[in-house]
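To start, the structure itself, in structure tokens.
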Amino acid sequence: MPNLKTSYLGLELKNPLVVSSSPLTDNVTSVKQLEEAGAAAIVMRSIFEEQIEADVAEMAASLAGDTSMAAIEYMRADLLGQLGPEKYVEKLRAMRMAVKIPIIASINCVKAANWITYAKKLERAGADAIELNLYHMPVDPEEDAASVEARRLQVVKTIRNEVKVPITVKLSKHYTSLLSFARMLDAAGVCGMVLFNRFLQTQIDTETESIFYAHDYSSPHVLHSQLRWTAVIRDWVRCSVAISGGIHSGEDLARALLVGADVGYVCSVLYVREDFGVIQEILDNLSAWMADKGYASLSEFRGKLRESNLRDGNGFERMQYVKAATKLS
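If you read the sequence shown in my numbering, its first letter stands for residue 1, the second for the next number, and so on.
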């Protein structure tokens, strides 16, 4: 039986399959079931700064009655500082007591000060690591790409200096120079990066002439971009790399490892199959593939197809595009 043990963010994992942030990782019962099904670690459902602020604002208003707006604002700020993500923290504590696998907390904030506050609380509550979801759509036409990146980097550096648990960053694929930004994050001291974030997509209802947000589960087809970028980035960063999006089978997980990923995140396949048993199926298929290839451990093939190991040196860049395009024509 091949050895599936791996390391991610400095955490020793029994296998390379991590369940990503979703409603499935939002309660103790399902997290216990995921552990029993074979998951090596879970990422808690993200806590959003905007959600907390909305709840706190509503509470402050209900407590204030006829109090002045200035007093309500003061009360809101005080509640935000005192309460913050307390429900989330309580849930984390309960999960920590219920399972043995690593639990990675996930926070999605905009204001730097709130990132620090939330990260410290999660560390004290027992998070094994913290995943920073850096998504914030830049819509200011006066803010250039360098400014966007600098703001993200400042958040990472600040939190890195405030907490001791490993920090990983979940990235969007839409940065102007993704490889350059990945190297900046690595230099800033992150322990890992996740490729990539997946967002709700805007859709138009032509009948009502209104916008709504469509949420479609990922398919193996979305894995291509993650594989390409992981193969490129792997040679330039020292930190752990996780692939998120498109892993639906043991073969998909093997592909992620071949280009240099340390772990693969899964989520959509659990909804599509409606069965946590798919976790063990993926791991069994990975083991069977390794046995067929003669691999005894993940380290024997991890990164075998990263960019620097390809003979032409441009497998995931222009040459690969030219080869594919000419075959299609």
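The beta carbon of each residue, even a glycine, is placed where N, CA and C say it ideally should be.
Endpoints, beta strand (DSSP E) assigned at residue i
{"i": "Asp205", "result": "201 to 205"}
{"i": "Ala129", "result": "129 to 133"}
{"i": "Leu13", "result": "11 to 13"}
Element boundaries [alpha helix (DSSP H), containing residue i]
{"i": "Lys157", "result": "145 to 162"}
{"i": "Val89", "result": "86 to 98"}
{"i": "Ser172", "result": "No alpha helix (DSSP H) contains Ser172, which DSSP labels as neither H nor E."}
{"i": "Thr230", "result": "223 to 233"}
Same chain, Cβ closer than 8 Å to residue i, five either side skipped, listed in chain order
{"i": "Gly126", "result": "Leu92, Arg93, Arg96, Ile103"}
{"i": "Glu123", "result": "Ile130, Val163, Lys164, Val165"}
{"i": "Leu11", "result": "Ala41, Pro102, Asp128, Ala129, Pro166"}
CB of residue i within 8 Å of CB of residue j, strictly
{"i": "Val263", "j": "Ala242", "result": "yes"}
{"i": "Asn15", "j": "Thr25", "result": "no"}
{"i": "Leu153", "j": "Ala188", "result": "yes"}
{"i": "Leu223", "j": "Asp252", "result": "yes"}
{"i": "Lys170", "j": "Leu227", "result": "no"}
{"i": "Val362", "j": "Ile167", "result": "Because the chain in this structure spans residues 1 to 329, residue 362 falls outside the shown range and cannot be described."}
{"i": "Tyr213", "j": "Ser244", "result": "no"}
{"i": "Arg306", "j": "Gly250", "result": "no"}
{"i": "Ile402", "j": "Ala40", "result": "Shown here, the chain extends from 1 to 329; a query on residue 402 therefore has no answer."}
{"i": "Thr158", "j": "Ile211", "result": "no"}
{"i": "Pro138", "j": "Val148", "result": "yes"}
Candidates the options: closest to residue i by CA position
{"i": "Asp216", "options": "Thr202, Cys109, Leu227", "result": "Thr202"}
{"i": "Gly192", "options": "Leu179, Glu90, Met44, Arg238", "result": "Arg238"}
{"i": "Tyr88", "options": "Ala254, Val156, Glu251, Ser46", "result": "Ser46"}
{"i": "Ala105", "options": "Met44, Ile116, Leu9", "result": "Met44"}
{"i": "Asp292", "options": "Val266, Arg306, Ala254, Val259", "result": "Ala254"}
{"i": "Arg160", "options": "Lys173, Leu185, Phe181, Ala145", "result": "Leu185"}
{"i": "Ala256", "options": "Val18, Glu12, Leu11", "result": "Val18"}
{"i": "Leu258", "options": "Ala231, Ala41, Ala150, Val148", "result": "Ala231"}
{"i": "Glu300", "options": "Phe181, Met290, Glu90, Asn309", "result": "Met290"}
{"i": "Ala145", "options": "Ser20, Tyr175, Leu13, Ile204", "result": "Tyr175"}
{"i": "Leu179", "options": "Arg151, Arg234, Pro138", "result": "Arg234"}
{"i": "Ser22", "options": "Thr29, Cys267, Arg273", "result": "Cys267"}
{"i": "Ala119", "options": "Pro138, Ser147, Glu86", "result": "Glu86"}
{"i": "Lys121", "options": "Val139, Glu90, Asn309", "result": "Glu90"}
Same chain only: Cβ atoms within 7 Å of residue i, ignoring 5 sequence neighbours per side
{"i": "Tyr271", "result": "Tyr217"}
{"i": "Ala37", "result": "Phe276, Gly277, Ile279, Gln280"}
{"i": "Arg183", "result": "Trp236, Val237"}
{"i": "Val99", "result": "Val31, Lys32, Glu35"}
{"i": "Ser172", "result": "Tyr135, Phe196, Asn197"}
{"i": "Tyr295", "result": "Pro2, Phe301"}
{"i": "Ile204", "result": "Ile211"}
Assigned secondary structure, residue i (DSSP; H/G/I helix, E/B strand, else coil)
{"i": "Ala37", "result": "helix"}
{"i": "Ala330", "result": "Because the chain is modelled from 1 through 329, residue 330 falls outside the range shown and cannot be assessed."}
{"i": "Ile167", "result": "strand"}
{"i": "Thr6", "result": "strand"}
{"i": "Leu178", "result": "helix"}
{"i": "Ile103", "result": "strand"}
{"i": "Ile247", "result": "coil"}
{"i": "Gly192", "result": "strand"}
{"i": "Ile72", "result": "Residue placement at Ile72 is poorly supported in this model, since its pLDDT is 44, which falls under 50; the coordinates are not used for a value here."}
{"i": "Ser20", "result": "coil"}
{"i": "Glu209", "result": "coil"}
{"i": "Gly264", "result": "strand"}
{"i": "Leu286", "result": "helix"}
{"i": "Val278", "result": "helix"}
{"i": "Asn108", "result": "strand"}
{"i": "Ser46", "result": "coil"}
{"i": "Ser218", "result": "coil"}
{"i": "Asp26", "result": "coil"}
Distance cut-off 7 Å: residue i Cβ against heavy atoms of the ligand FAD
{"i": "Ala127", "result": "For the ligand FAD, the structure offers nothing, since it holds no ligand at all."}
6 Å Cβ shell around residue i - same chain, five flanking residues per side excluded
{"i": "Ser297", "result": "Asn3"}
{"i": "His248", "result": "Pro220, Val269"}
{"i": "Asn108", "result": "Ser46, Phe48, Asn133"}
{"i": "Trp229", "result": "Leu195"}
{"i": "Tyr8", "result": "Ser240, Asp262, Val263"}
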